[in-house]
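Worksheet: the structure to be examined is printed underneath.
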Amino acid sequence: MTGRPTTPASPTSTADRPKSYSSPLETPRPHLGHAVASEWTKLISVRSTVWTLGSLVLLVVGIGLLAVSETRSSDYQQVPLTAPALFGLLVGQIPVMVLGVLTITSEYGTGMIRTTLTAAPDRARVLTAKYLVFAGVAFAAVAGSVASVGLASAILRGGAGAGAHGGGEWAHALAGCVYVTLLGVLGLAIGAMLRHSAGAIAVMLGLVTLPPVIGAMLSMWETLAPLGSTVLRYNAPVALMRLFGLPDAGTGNSPGSAAQVLLLLLVTGAAVAGSYVVVGRRDT
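Letter by letter, the sequence shown follows residues 43 to 326 of my numbering.
In structure tokens form, the structure reads like this:
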């Protein structure tokens, strides 16, 4: 039985071979600037940013101006002109921490983190961009609010009866703004590790509100009194009072102020380092 003769395959000509595609558009290599631009767009396009930063400005400026209206020039002989901003900032630090948490946990809650990491697989770059954008926005909002209250205080109560005031108190207030910004960065780091908005916010609220209570409880026992005293001296409310130079909490240039900032810087640095490790090793 004779089979059907096979026709040998003709060699494909060079002209018929598919050519590699070259895009007419510029395709630059992705870098940190692209991630920062993306995170900036996401941060300013969500309602949580408007609500949290709006409440921060309302609390700091509103309570601060109310405090200015209830004071006299002679009241500022022993305290800085920026002191009224502290009263609103003690509450306003909460929106900053909440925004820090939501900056990353909102993406985990909606599942958008998968889209983010698909578009930018370098997780360290994405996380760095989130830290940079959040820290810049939070510091600008806090510093602007504190400066508004300080300027109002200087204009309305900065007469001869207020005594002499130098630029040092503004530097101490700036350090207070950095302190609150670090609390927000700490919230972002904890949110990155927990991936849960409510849980991370609860942790941050506990870190800020519980130390004074725990310190007071520990001070009731003689053996634990030294530990209780330390907890009472090293917490967020006391740190802000020191940084803003209230007389019953020490002066702004005391060693206690530097120690408070250094302690928070170490805690925040450890949390940020942990967030890079956790985000880099686990699945989305």
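Cβ atoms here follow ideal geometry from the backbone N, Cα and C, with glycine treated the same way.
C-beta contact flag for residue i and residue j at 8 Å
i: Val-303; j: Tyr-173; result: no
i: Val-314; j: Ala-217; result: no
i: Val-88; j: Gly-142; result: no
i: Gly-210; j: Ser-115; result: no
i: Gly-75; j: Leu-101; result: no
i: Leu-184; j: Leu-98; result: The question names Leu, but residue 184 is Val in the sequence shown. Cβ atoms of Val-184 and Leu-98: closer than 8 Å.
i: Leu-274; j: Gly-257; result: yes
i: Pro-137; j: Leu-107; result: no
i: Gly-192; j: Leu-123; result: yes
i: Ala-213; j: Ala-127; result: no
i: Met-154; j: Met-246; result: no
i: Val-110; j: Arg-199; result: yes
i: Gly-205; j: Tyr-150; result: no
i: Thr-158; j: Leu-85; result: no
i: Met-135; j: Leu-269; result: The amino acid occupying residue 135 in the given sequence is Gln; Met does not appear at that position. No, the Cβ-Cβ distance between Gln-135 and Leu-269 is not below 8 Å.
i: Leu-285; j: Ser-299; result: yes
Range of the contiguous alpha helix (DSSP H) that encloses residue i
i: Ala-127; result: 126–152
i: Val-82; result: Note that residue 82 is Trp in the sequence shown here, rather than Val. First-last of the alpha helix (DSSP H) with Trp-82: 74–86.
i: Ser-239; result: 239–260
i: Phe-286; result: Per DSSP, Phe-286 belongs to no alpha helix (DSSP H) and is neither H nor E.
i: Glu-211; result: 210–236
i: Leu-98; result: 89–111
i: Gly-201; result: Premise fails: Gly-201 is in no alpha helix (DSSP H) and is neither H nor E.
i: Leu-274; result: 267–275
Integer-rounded CB distance, given that residue j should sit under 8 Å from residue i
i: Pro-279; j: Leu-132; result: 6 Å
i: Ala-177; j: Thr-223; result: 6 Å
i: Ala-194; j: Ser-317; result: About 38 Å separates the two Cβ atoms, so there is no contact after all.
i: Trp-82; j: Val-175; result: 5 Å
i: Ala-242; j: Thr-160; result: Between Thr-160 and Ala-242 the Cβ distance is about 24 Å, and since that is not below 8 Å, they are no contact.
i: Ala-77; j: Ala-171; result: 4 Å
i: Leu-305; j: Tyr-276; result: 6 Å
i: Arg-165; j: Gly-322; result: 5 Å
Cβ-based neighbour list, residue i, same chain, cut-off 6 Å, excluding 5 preceding and 5 following
i: Ala-203; result: For clarity, residue 203 is Gly in the given sequence; the question names Ala instead. So the qualifying residues of the chain are Ser-115, Ser-116.
i: Val-320; result: Met-235
i: Ile-105; result: Phe-129, Gly-130
i: Ala-162; result: Ala-77, Val-168
i: Ser-187; result: Val-99, Val-102, Val-103
i: Gly-229; result: Met-139, Gly-142, Val-143, Met-246
i: Ala-125; result: Phe-286
i: Glu-112; result: none
i: Thr-310; result: Leu-224, Val-227, Leu-228
Close-in-space but distant-in-sequence residues of the same chain around residue i (CB under 7 Å, 5 per side omitted)
i: Ala-240; result: none
i: Thr-265; result: none
i: Arg-71; result: none
i: Thr-293; result: Note that Thr-293 scores 38 on pLDDT, short of 50, meaning its location in the model is unreliable; the coordinates nonetheless yield the value given after this. Once the five neighbours on either side are set aside, the close Cβ partners of Thr-293 are Gly-287.
i: Thr-91; result: Leu-85, Leu-141
Contact set for residue i: own chain, Cβ-Cβ below 8 Å, skip 5 residues either direction
i: Ala-267; result: Leu-260, Ser-261
i: Ser-296; result: Because Ser-296 sits at a pLDDT of 46, beneath the cut-off of 50, its placement in the model cannot be relied upon, and the following sentence gives the value as read from the coordinates. For Ser-296, where only same-chain residues beyond five positions count, the Cβ hits under 8 Å are Arg-284.
i: Cys-219; result: Phe-181, Val-184, Ala-185, Val-188
Residue-chain proximity (residue i, chain B), Cβ-Cβ < 8 Å
i: Thr-158; result: Annotation note: the requested chain B is absent from the structure, which comprises a single protein chain.
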